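Q: Here it is, the structure in full.
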Ligand code: GLU
């Protein structure tokens with residue numbers, strides 16, 4: 081007997097859902113159902129510059145058309161900024177957060193100056209420029225109201241938690257390597273949170289026990305497990321699935337209009353066809 085699982089599908093409304101999303105959503109929904117648990121839909125819309133209400137509407141319509149149902153009300157991250165700010169305050173209180181005044185151009189220039197700059201899972205790692213500021217300079221720049229992001233001092237965070245492991249149902253035990261990401265952003269200059277912080281807080285607040293998503297997010301999990309541990313949250317189980325590819329072996333992406341659920345539906349495919357194309361025969 082498996083325990084009742086709480087799973088979620090957490091799309092960002094920055095485009096139309098494609099077959100890869102359908103696979104994630106169908107997997108999470110089926111796993112929750114088979115275990116007698118719950119399936120949650122969460123809208124990850126903190127990036128207000130890129131999110132559009134019409135894409136959110138399309139997500140709801142496409143998932144319902146596919147035959148999925150979910151708990152109401154749907155949580156929209158943009159409506160819960162205070163929860164992320166509270167998490168950030170805890171981390172700040174632990175002395176693990178510092179303001180970063182760098183612009184993108186300054187970071188790129190700094191990386192270009194040091195050819196041995198480490199590369200992380202998402203590109204070159206932040207060189208830690210603002211971590212090295214003196215307390216006086218930091219205070220003066222904050223006083224002046226200079227725009228800043230907030231970053232996690234990842235080395236200090238790891239010193240606090242020690243080595244971490246997490247479990248992937250498809251891959252087994254994984255030794256986390258959050259240091260590979262460098263000092264990740266926890267709050268952006270224009271938004272009081274970041275993807276890493278919001279996803280960690282929400283999975284906890286919503287009681288998610290199994291995070292199912294594409295394998296492109298395997299590296300990000302190392303950061304999520306670090307944040308969970310610092311914040312005293314339980315680490316859920318994970319299931320990262322392979323990314324679906326087209327006939328040429330290319331990964332589906334939001335830019336591939338032909339494999340959006342919307343385009344498939346308009347081309348006359350039914351929900352059963354799309355479930356099958358997404359890897360679900362039943
Ligand atoms: N919102 C993220 C995306 O659409 C997925 C986050 C997650 O599943 O953890 O790519």
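Numbering (the working numbering), first residue to last: 81 to 362.
Don't be surprised by glycine CBs; every beta carbon is placed ideally from N, CA and C.
Fair warning: this is a prediction, and the values are worked out from it, not measured in the lab.
Compute the Euclidean distance between the alpha carbons of residue 349 and residue 146, then round it to the nearest angstrom.
A: Each residue's alpha carbon lies about 11 Å from the other.
Q: Does any heavy atom of the ligand GLU sit closer than 6 Å to the C-beta of residue 91?
A: At least one heavy atom of the ligand GLU is nearer than 6 Å to the Cβ of residue 91, so yes.
Q: Counting along the chain, where does the alpha helix (DSSP H) carrying residue 276 start and finish?
A: Taken as a continuous stretch (DSSP letters only), the alpha helix (DSSP H) holding residue 276 covers 275-285.
Q: Under three-state DSSP, which class holds residue 180?
A: Residue state, collapsed to three classes: strand.
Q: Return the residue from the list 338, 344, 265 and 325 that minimises the CA-CA distance to residue 177.
A: For the residues 338, 344, 265 and 325, the minimum Cα distance to residue 177 belongs to 265.
Q: Give me the Cα-Cα distance between residue 95 and residue 200, rounded to the nearest whole angstrom.
A: When rounded, the distance between both Cα atoms is 26 Å.
Q: In chain order, what residues of the same chain have a beta carbon less than 7 Å from the beta carbon of residue 360, not counting five sequence neighbours either side?
A: Same-chain partners within the cutoff: 106.
Q: Is residue 281 near the ligand GLU, with its Cβ less than 6 Å from a heavy atom?
A: No, the ligand GLU has no heavy atom inside 6 Å of this Cβ.
Q: Quick test of your reading: residue 281 and residue 167, contact by CB under 8 Å. State the CB separation rounded to the nearest angstrom.
A: Correct: roughly 5 Å between the Cβ atoms.
Q: Residue 325: buried (16+ other C-beta within 10 angstroms of its C-beta) or exposed?
A: Residue 325 is exposed by the Cβ-count criterion.
Q: Less than 7 Å separating the beta-carbons of residue 343 and residue 126?
A: No, they are not a contact pair.
Q: Go ahead and pull the three-state DSSP assignment for residue 229.
A: Residue 229: strand per DSSP, three-state reduction.
Q: Hey, is residue 293 close to the ligand GLU, as in C-beta under 6 Å from one of its heavy atoms?
A: For the ligand GLU, at least one heavy atom lies less than 6 Å from the Cβ of residue 293.
Q: Does the distance from the C-beta atom of residue 88 to that of residue 120 stay below 7 Å?
A: Going by C-beta atoms, residue 88 is nearer than 7 Å to residue 120.
Q: Ends of the beta strand (DSSP E) at residue 121?
A: 118-123 is the extent of the beta strand (DSSP E) around residue 121.
Q: Between which two residues does the beta strand (DSSP E) carrying residue 164 extend?
A: Note, residue 164: premise wrong, no beta strand (DSSP E); alpha helix (DSSP H) at 161-173.
Q: For a test of your reading of the model: does the CB of residue 224 fall under 6 Å from any non-hydrogen atom of the ligand GLU? Yes or no.
A: Result no, Cβ not under 6 Å from the ligand GLU.
Q: Please list, in chain order, all residues of the same chain as residue 298 whose beta carbon is under 7 Å from its beta carbon, the five residues on each side excluded.
A: Cβ within range, chain order: 320.
Q: Just reading off the beta strand (DSSP E) that residue 265 is part of, what are its end residues?
A: 265-267 is the span of the beta strand (DSSP E), which, as asked, contains residue 265.
Q: May I ask whether a heavy atom of the ligand GLU can be found less than 6 Å away from the beta carbon of residue 136?
A: False, no ligand heavy atom lies under 6 Å from that Cβ.
Q: Would you call the CB atoms of residue 224 and residue 181 closer than 7 Å?
A: The answer is no: Cβ separation not under 7 Å.
Q: Is the segment 299-308 touching the segment 252-263, taking contact as three or more C-beta pairs under 8 Å?
A: Verdict: yes, contact present.
Q: Rounded to a whole number of angstroms, what is the C-alpha to C-alpha distance between residue 354 and residue 307?
A: If you take the alpha carbons of residue 354 and residue 307, they lie about 36 Å apart.
Q: Measure how close the beta-carbons of residue 109 and residue 341 come, nearest whole angstrom, since I'm counting them as under 8 Å.
A: The pair is not a contact, with the Cβ atoms about 14 Å apart (cut-off 8 Å).
Q: Tell me the rounded alpha-carbon separation between residue 117 and residue 150.
A: Straight-line Cα distance between these residues: approximately 11 Å.
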